[in-house]
Amino acid sequence: MNAMAFRGLFVGVNRYQSPKIRDLSCAARDATALEAMFADTLGGPTVLVTDQEATLSRIETELETLSQCDADDTVVIAFSGHGSEKAV
Numbered sequence: 006m007n008a009m010a011f012r013g014l015f016v017g018v019n020r021y022q023s024p025k026i027r028d029l030s031c032a033a034r035d036a037t038a039l040e041a042m043f044a045d046t047l048g049g050p051t052v053l054v055t056d057q058e059a060t061l062s063r064i065e066t067e068l069e070t071l072s073q074c075d076a077d078d079t080v081v082i083a084f085s086g087h088g089s090e091k092a093v
């Protein structure tokens, strides 16, 4: 029997490719702070993805990885940035 583990994905986007989307100043910092707090408190593997690394493909890959964790694991997913009206 596996012991319960903590896993986390923390995404923060300050700068967007589209010039029509206003840049933010604290989203990447917020994601970084949350990742540090959870990693320091609960341990376990965490992933921090910010700005240009936060592509749809990368986020989908990280979510797929999280979907493979054990049912008893605690998973935290945090996103800091603009939302979108685009349906996926």
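Its first residue numbered 6, the sequence shown is counted upward by one per residue in this note's numbering.
Every residue gets a Cβ at the ideal spot worked out from N, C-alpha and C, and that includes glycine.
For clarity, every value in this text was computed on a predicted model and none was experimentally measured.
Exclusion of the five residues before and after Asp35 leaves Gly17 and Ser85 as the residues of its chain whose Cβ lies within less than 7 Å of its Cβ. Sequence-distant partners of Thr51 (beyond 5 residues in either direction) whose C-beta falls short of 6 Å from its own C-beta, in its chain, are Gly13, Glu40 and Ala44. Per DSSP, reduced to three states, the secondary structure at Ile26 is coil, with no helix or strand assignment. Arg12 has Val80 as its beta-bridge partners, per DSSP.
A straight-line Cα-Cα distance of about 20 Å links Ala76 and Phe15.
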